[in-house]
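Residue numbers (my numbering), protein chains in the order written: chain A, 118 to 460; chain B, 118 to 460.
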């Protein structure tokens, strides 16, 4: 018989909690019988929401977490003080091996801090990267790292490349994923000090398909599957992607609505256009994994609906079934004595 | 009588040279009588192109530069070896004060290197930044620095903020331009080591209107007029802007063409849409100035047409008439003994 993947789901996290989260739990357990969900949150609130569904709920268990971490709270403080919050309780389930993964659309900062402080790093992993998927002309690319720890070292970036490559190959099914480092030109001698130091290390890596530098303009074209960069740069890329896409779509809508003729034309063109823009939407593929932990933590987008959360849940199942963490342990061999404080 | 601005124009630079460059020279001198143009390039080629115009050419002078720097040439070598190239000859006109400005759509690398090696920095300017304009929902913002010298220091960024502010106020006419530093969060304590060091220095600056951090997602909204960052980050922002805009417009076109109904709709909507997208086009505003030099050097986009080049020429006139360099000298007071090799 197939193995069950147990997932702790943050019922209080995100703009649409708890209703979309509860809906995702019901949907995922209905669709697949290899999933068990711990719905972590304020018991009465979650139960009230759950009561709306008549479906079988035998593979859903509510776990009480009376406290809630707000989006604006300083993450380290929140994780240390709110021991009964959904994020801390959910992550402790992963730590105690009662759950394989934790999925949350809540505070990014708290998820990043909790992942490191509660779930903990795989031995040998120097820094766990947050790796969202970016939509491209050809599908999606993994942008690694977009986490909270900036000013990375070259050895971190090499580990990001390996972990990202394993993830894309096994969870997204990309054969020999092309790994590139974000740079300001294609030539090997270009770049800042960090990129210049990292480039030859990546080139020497036997277990990844390193294709060299990628300029930011080629990221949307999908020219690499794993895009390696330090978290400050990754954050700029991720947020500019979101911001520019939303601004451009707004500008285009305004243009389409500016005359009567164009309004009629827009009404005719809209259904086809929506279909294409939908393909350019990373949320279809689930959330951003925080890699290199003793378990899996997935950060879903703050405005996730049941659909995106369900996809994030399925992602956890692939992650477990493909033994991503086993593969990471195998490839992360260079244990560097780390002196930094990661929190 | 009004003063004449003398501009050296690289007749050999860019995808559309020499024809669009020569056209721009004729157009600019026809439209305004306060402009004198040196057309720098291979004499016979330029003269042949110029012969196509019947307009008055008394304020255009061809200056022979038999050599051409190709886009792919290593910049430092090209500038040192090709003394008779249009870039070296044109920049020497600025150095000798025979021209006020040099405009080129040629090799960015050669223009950046030449600007520093030939034209030279204003005393006190530690590093001359390249500052392109980015289109936003509200107009344009100046992104400073996007040059070739990465790994900047905090003192460089402070100078970028001052120079960018002077430029936006005087050349673009933005009153009290809002200056922001690119960061991964809005809070003062966020950021990498460079941003954390720079933030309080900018906050203490009396002569700029510092508004704090800007996240990349807010850049397209036009929330700041001067966007300060180190050149690696600036390069990523600039190139992702170009790449993502072109990809999204491609995806949208594909969507509009996918069904017969949507094709008819698209044909009706297109004229209005084009008008709006045109407003979202930074090339309307001219080229990217390389600031802090003893004169002005403007890098126009490689695919510039006569229209963009004419705008770059007008930009040089404003630059001179508003005495931008005089104002820069006034505000760049902190002369730091610099040990770095800038080339």
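Each residue gets a CB set at the ideal place from its N, CA and C atoms; glycine is no exception.
Would you give the residue range spanned by the beta strand (DSSP E) that residue 284/A belongs to?
-> Under the DSSP assignment, residue 284/A falls outside any beta strand (DSSP E), being part of the alpha helix (DSSP H) whose first and last residues are 271-287.
Helix, strand or coil for residue 184/A, going by three-state DSSP, please let me know.
-> Strand.
Per-residue contacts from residue 375/B into chain A (C-beta, under 8 Å) | By Cβ distance, chain A contributes 389, 392 and 393.
So what does DSSP say about residue 453/B, is it helix, strand or coil?
-> Note that residue 453/B has pLDDT 47, beneath the 50 cutoff, so the model's placement of it is unreliable and no number is given.
Report yes if the CB atom of residue 342/A is closer than 9 Å to the CB atom of residue 259/A, and no otherwise.
-> The answer is yes: Cβ separation under 9 Å.
Tell me where the beta strand (DSSP E) around residue 221/A begins and ends.
-> It spans 218-221 - the beta strand (DSSP E) in which residue 221/A sits, taken as one unbroken run.
Given a limit of 7 Å on CB to CB distance, which residues of the region 401-421 of chain A reach chain B?
-> Within the region 401-421 of chain A, no residue has a Cβ that lies closer than 7 Å to any Cβ of chain B.
Going by DSSP, name the residue or residues bridged to residue 127/B.
-> Within the DSSP secondary-structure output, residue 127/B pairs in a beta bridge with 157/B.
Own chain partners of residue 273/B with C-beta closer than 6 Å, once the 5 adjacent residues on each side are dropped | Correct list, in chain order: 243 and 244.
Round the Cβ separation of residue 386/B and residue 373/A to the nearest angstrom and send it over; I've been treating them as touching at under 8 Å.
-> At roughly 5 Å, the Cβ-Cβ gap stays under 8 Å, so residue 386/B and residue 373/A are in contact.
Which of helix, strand or coil DSSP assigns to residue 174/B | DSSP places residue 174/B in coil when its eight states are reduced to three.
Quick one: using the 10 Å Cβ neighbour count with 16 as the cut-off for buried, is residue 119/B buried or exposed?
-> It is exposed - the Cβ of residue 119/B has fewer than 16 other Cβ atoms within 10 Å.
Specify whether the region 406-414 of chain B and the region 421-436 of chain A touch according to this definition: at least 3 beta carbon pairs, one from each stretch, less than 8 Å apart.
-> Not touching, per the Cβ criterion.
Quick one: does residue 457/A have its CB under 9 Å from some CB of chain B?
-> Because the pLDDT at residue 457/A is just 45, under 50, the model does not fix this residue reliably, and the value given afterwards should be weighed accordingly. No, its Cβ sits nowhere closer than 9 Å to a Cβ of chain B.
Hey, which unbroken runs of the beta strand (DSSP E) at 3 residues or more fall wholly within the region 400-447 of chain B?
-> Segments of the beta strand (DSSP E) lying fully in the region 400-447 of chain B: 405-407 and 413-416.
Three-way DSSP call (helix, strand, coil) for residue 337/B in this model | In the structure shown, residue 337/B sits in coil (DSSP, three-state: anything other than H, G, I, E or B).
Span of the alpha helix (DSSP H) around residue 192/B = Per DSSP, residue 192/B belongs to the alpha helix (DSSP H) from 192-198.
Indicate the three-state DSSP secondary structure (helix, strand or coil) for residue 381/A in the structure shown.
-> Three-state DSSP puts residue 381/A in a helix.
State the DSSP-derived secondary structure class of residue 295/A, mapped to helix, strand or coil.
-> Annotated three-state conformation of residue 295/A is strand, per DSSP.
Alpha carbon to alpha carbon, what distance is there between residue 379/A and residue 390/B?
-> Looking at the backbone, the Cα of residue 390/B and that of residue 379/A are separated by about 8 Å.
Beta-carbon of residue 358/B versus every beta-carbon of chain A: anything under 9 Å?
-> Yes, residue 358/B counts as interfacial toward chain A.
Presumed contact (8 Å Cβ cut-off) between residue 254/A and residue 364/B, rounded CB distance | Contact annotation, residue 254/A with residue 364/B: C-beta distance approximately 6 Å; criterion of less than 8 Å satisfied.
Contact between the region 295-315 of chain B and the region 201-219 of chain B (3+ Cβ pairs under 8 Å) | Taking a cut-off of 8 Å on C-beta distances, the region 295-315 of chain B does not touch the region 201-219 of chain B, as fewer than three cross pairs fall below it.
Starting from residue 252/A and walking both ways along the beta strand (DSSP E), at which residues does that stretch end?
-> Membership of residue 252/A in the beta strand (DSSP E) is indicated by the continuous run 250-253.
6 Å Cβ shell around residue 346/A - same chain, five flanking residues per side excluded | Same-chain partners within the cutoff: 299.
From the DSSP output, in three-state form, read off residue 366/A for me.
-> The DSSP-derived three-state label of residue 366/A is helix.
Mind checking the region 230-263 of chain B against chain A and listing, in chain order, the residues whose C-beta falls within less than 7 Å of any C-beta there?
-> Answer set for the region 230-263 of chain B: 254.
Chain B partners of residue 430/A, CB-CB under 9 Å?
-> Residues of chain B passing the Cβ test: none, with the nearest at roughly 27 Å.
Burial state of residue 175/B (16 or more Cβ within 10 Å) = Residue 175/B should be labelled exposed.
Given that residue 270/A touches chain B, what residues does it touch there, using C-beta distances under 7 Å?
-> Going along chain B, no residue has its Cβ under 7 Å from residue 270/A, so there is no contact; the nearest lies around 13 Å.
Is residue 279/B buried or exposed, if buried means 16 or more other CB atoms sit within 10 Å of its CB?
-> Here residue 279/B is buried: its Cβ has 16 or more other Cβ atoms, across all protein chains shown, within 10 Å.
Could you check the C-alpha separation between residue 291/A and residue 397/B for me, to the nearest Å?
-> As the crow flies, the alpha-carbon of residue 291/A is around 36 Å from that of residue 397/B.
Go through its chain and collect everything with a Cβ distance to residue 206/A's Cβ below 7 Å, but skip five positions before and after it.
-> Within the same chain, residue 206/A has close Cβ partners 157, 180 and 182.
Alpha helix (DSSP H) segment containing residue 226/B, residue limits = Looking at the DSSP string, the run of the alpha helix (DSSP H) that includes residue 226/B is 225-231.
Drop a sphere of 10 angstroms on the beta-carbon of residue 458/A, count the other beta-carbons inside from all chains shown, and report buried for 16 or more, exposed for fewer.
-> Confidence is the limiting factor: at residue 458/A the pLDDT is only 43, short of 50, which leaves the residue's position unreliable, though a coordinate-based value still follows. Exposed.
Could you work out which residue in 410/B, 409/B and 405/B is closest to residue 419/B when comparing CA atoms only?
-> Answer by Cα proximity: 405/B.
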